[in-house]
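Engineer: Mind looking over this structure? Questions follow.
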Amino acid sequence: MREFSRPVKVEVSAEARLPDTVFARAAAEPEAVALRRQESGQWRDVTCAEFRDDIAALAKALIAAGIGHGDRVALMSRTRYEWTTIDYAIWSVGAVTVPIYETSSQEQAQWILSDSGSTAVFVETAEHAARIEAVRGELPALTHVWEIEGASLAAFTATGADVDDATVEERRTAGGVDELATLIYTSGTTGRPKGCELTHRNLLFTILNIVNAPLQKVFAVEGRCTLLFLPLAHSFARLIQIGCIESKTILGHFPTTGPELIDTLGVYRPTFLLAVPRVFEKVYNKAEQKATSEGRGKIFGAAADTAVAYSKALDTGRVPLGLRIRHAVFAKLVYGKILAAVGGRAQYAISGGSALGDRLGHFFRGIGLTIIEGYGLTETSAPTAVNSPEGNKIGTVGPPFPGVSLRIGDDGEILAKGDHIMRGYWGNETATKEAFDEDGWYRTGDLGTLDDDGHLRITGRKKEIIVTAGGKNVAPAVIEDRIRGHAIISQCMVIGDNRNFISALITIDPEAFEFWKKQNAKSGGIADNLADADLHAAVQEAVDDANKAVSRAESVRKFTILPHDFSEDGGEMTASLKVKRHVVAQRYRKEIEEIYSA
């Protein structure tokens, strides 16, 4: 199939705006719980009226500060309650939110603030403020820097005390659905990040046609709630924030994906999860490591195999009796403990950002947590295709959601149309024109195929296609995702352009390495064990398994283990955890040459 479309499910009114639901719900059911926020280690309910009042108070302060309709206001913070209230307050005065990752460097923050022409910025901490102050002289449009932590935000909010409710209402209702809501800057794996112009229509069209169609079952659970821990500067998390507000799903915030997250999930007990594949890989790996350390490694292995087999059998419509019995036994011995670790209530999880991997998808569905994969880009308001609980086809990212059309170009590129596509790149007419073909289809830059049911399968990035010396085209994503799924491996970058064979640069997961070291009676750090035969054997096992998924010409023949993991701080990763291939290739050119000269 070369093209597939779905009719729109929910039309968006010309007068609709993102804050409308907040103010309407506060008027209709003021005491209903809208969010929960963590205070002194305890979760406190935030009612619809409280949420509206917090937003309105911030909006008044923005008006008092002179923030005008259409002004850009940046927001640099970890995921927290205030992120959401500030976001909606900016929209409530007709201004435009410009997210900045809290991990961004001075130079990155300076570029976004300068390119967007932001007149103000909210920062979480004094350290963030110092980062902005260091480049303030290069930002003539920036007139305000407001902090969130401590008493700073309360002091700012108090400055709007003389602005009345009628003024806020006038500003909130002045704009239309096609006005700019946010500028989200792409991660920038190559070159300067570009600001994607997303309107109120883009975001409302996307989320309303998802929560009322493919993900309706996820957002219709009684007592529904979720804990948002991915960075809200990322379009994926941002859209789920809006989805929770629009669907009356209780929203909580947590600022990190660190080790303390699991304990927090156990207390918060979400009904669904939102995460990137790396989070699910870590949940699986930690469960496996714990079982192994307790002498139950073989039991866990059998349980994992049973879960995968059970999930695959569900696809056939028939689960053999013996498999059902084994599954029931392991549900009590193994699966229940894994599910309890994430709160014990979640039946569904939404995964995006990169491919999950078939085995992991089948494993989690087999234990009772269905992971729903989707696909999209910042330019497509996050999703453009998504699976559903009822039609979850593991290994695909689902069909286009209602109102969206997908086409596969002659060169295999995925093309998209719909009201979810950005208006353009901010101040960059050339890049905007290049992003669309002559018929108005958005060029995603990704490669894929559509099956007979319209489900999309991602096969690689158009710009990342490797052409070997023998003329073989290789899409690295397939084998990289498979290798990364191994417990001991953190990152993998396949190389081989104009070379005689495919090879890989591989980094070791620091947490998994500590466990491996104990199991194998080793000492020292990763860099001390680069030549260790057992470590090479463990990595070779992952490579051999991944090679089963591709042809011989596409398989990894040699690899090098690097002494350090890729990181954002090190410049090898973007804020959304994509590898900057050109940076890695340049930084490790000596290691690459050694692979091919040996």
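When we follow the UniProt record's numbering, the leftmost residue of the sequence shown carries the number 1, and every step to the right adds one.
All C-beta atoms in this analysis are idealised placements derived from N, C-alpha and C, irrespective of residue type, glycine included.
1. List the endpoints of the continuous alpha helix (DSSP H) containing residue 544.
2. Quick check on the DSSP output: the alpha helix (DSSP H) that includes residue 297 runs from which residue to which?
3. Determine whether the beta carbon atoms of residue 213 and residue 30 lie at a separation below 8 Å.
4. Taking the alpha carbon of residue 226 as the reference point, which residue from 209, 233 and 248 has its own alpha carbon closest?
5. Could you work out which residue in 413, 444 and 409 is closest to residue 420 when comparing CA atoms only?
6. Please report the distance separating the alpha-carbon of residue 523 from that of residue 409.
7. Mind reading off the beta-carbon distance from residue 18 to residue 234? Whole number of angstroms is fine, and I expect it under 8 Å.
8. State the beta-bridge partners of residue 51 as determined by DSSP.
9. Using the three-state DSSP reduction, which class does residue 600 fall into: helix, strand or coil?
10. Enumerated in chain order, which unbroken segments of the alpha helix (DSSP H) with a length of 4 residues or greater are wholly contained in the segment 467-516?
11. Using the C-alpha atoms, what's the distance from residue 61 back to residue 232?
12. Can you tell which of 382, 271 and 373 has its C-alpha closest to the C-alpha of residue 339?
13. Alpha carbon to alpha carbon, what distance is there between residue 170 and residue 481?
14. Going by beta-carbon coordinates alone, are residue 73 and residue 120 separated by less than 8 Å?
15. What do you get for residue 332, buried or exposed, if any count of 16 or more other CB atoms within 10 angstroms of its CB means buried?
16. Could you tell me the alpha carbon to alpha carbon distance between residue 81 and residue 37, rounded to whole angstroms?
17. Only counting runs of 3 or more residues, tell me where the beta strand (DSSP E) segments fall wholly within the segment 122-153, in order along the chain.
18. Flag this pair as yes or no: are the beta carbons of residue 197 and residue 423 separated by less than 8 Å?
19. In angstroms, rounded to a whole number, what distance separates the CA positions of residue 539 and residue 486?
20. Check for me: the beta strand (DSSP E) holding residue 522 runs from which residue to which?
21. Excluding the five sequence neighbours on either side, which residues of its own chain have a C-beta within less than 7 Å of the C-beta of residue 509, listed in chain order?
22. Given that a residue counts as buried once 16 or more other Cβ atoms are within 10 Å of its Cβ, and exposed if not, what is residue 325?
23. With a CB to CB cut of under 6 Å and the five nearest residues on each side skipped, what residues in its chain are close to residue 373?
24. Can you tell me which of 447, 431 and 404 puts its alpha carbon nearest to the alpha carbon of residue 412?
25. When you compare only the Cα positions, how much space is there between residue 400 and residue 384?
26. Go through its chain and collect everything with a Cβ distance to residue 192's Cβ below 7 Å, but skip five positions before and after it.
27. Should residue 602 and residue 146 be called a contact, given that it needs their Cβ atoms to be closer than 8 Å?
28. Tell me which residues share the same chain as residue 309 and place their Cβ nearer than 7 Å to its Cβ, disregarding the 5 neighbours each side in the sequence.
29. Report the rounded CA-to-CA distance for residue 304 versus residue 463, giving the unit in angstroms.
30. Out of 127, 66, 202 and 76, which has the shortest C-alpha to C-alpha gap to residue 10?
31. What runs of the beta strand (DSSP E), each 3 residues or longer, lie entirely inside the segment 324-355?
32. Looking at C-alpha atoms only, which residue of 152, 363, 78 and 417 is the closest neighbour of residue 380?
33. Considering only the beta carbon of each residue, do residue 479 and residue 473 sit closer than 8 Å?
34. So, at 6 Å on beta carbons, what are the nonlocal neighbours of residue 527 in its own chain, with the 5 sequence-adjacent residues on each side left out?
35. Assuming contact is defined by CB atoms lying nearer than 8 Å, are residue 79 and residue 255 in contact in what I supplied?
36. For residue 546 and residue 555, what's the separation of their Cα atoms in angstroms?
Structural biologist: In terms of the structure at hand:
1. Per DSSP, the unbroken alpha helix (DSSP H) holding residue 544 starts and ends at 533-547.
2. For residue 297, the uninterrupted alpha helix (DSSP H) segment begins and ends at 297-316.
3. no
4. 248
5. 444
6. 52 Å
7. About 17 Å separates the two Cβ atoms, so there is no contact after all.
8. Answer by DSSP bridge pairing: none, since residue 51 is not bridged.
9. Since the first and last residues shown for the chain are 1 and 598, residue 600 lies out of range.
10. Taking only runs of at least 4 residues, the alpha helix (DSSP H) segments lying wholly in the segment 467-516 are 476-484.
11. 22 Å
12. 271
13. 50 Å
14. yes
15. exposed
16. 6 Å
17. Within the segment 122-153, the complete beta strand (DSSP E) runs of at least 3 residues are 144-147.
18. yes
19. 8 Å
20. No beta strand (DSSP E) contains residue 522, which DSSP labels as neither H nor E.
21. 488, 489 and 490
22. exposed
23. 351, 356, 387 and 397
24. 447
25. 6 Å
26. Within the same chain, 111 come within 7 Å of residue 192 by CB-CB distance, once the 5 residues on both sides are set aside.
27. Missing from the structure shown is residue 602; the chain here goes from 1 to 598 and no further.
28. 323
29. The straight-line gap from Cα to Cα measures roughly 36 Å.
30. 202
31. Correct list: 348-351.
32. Residue 380 has its Cα closest to that of 417, out of 152, 363, 78 and 417.
33. no
34. Within the same chain, residue 527 has close Cβ partners 563.
35. yes
36. Near 8 Å, if we compare the C-alpha coordinates of residue 555 and residue 546.
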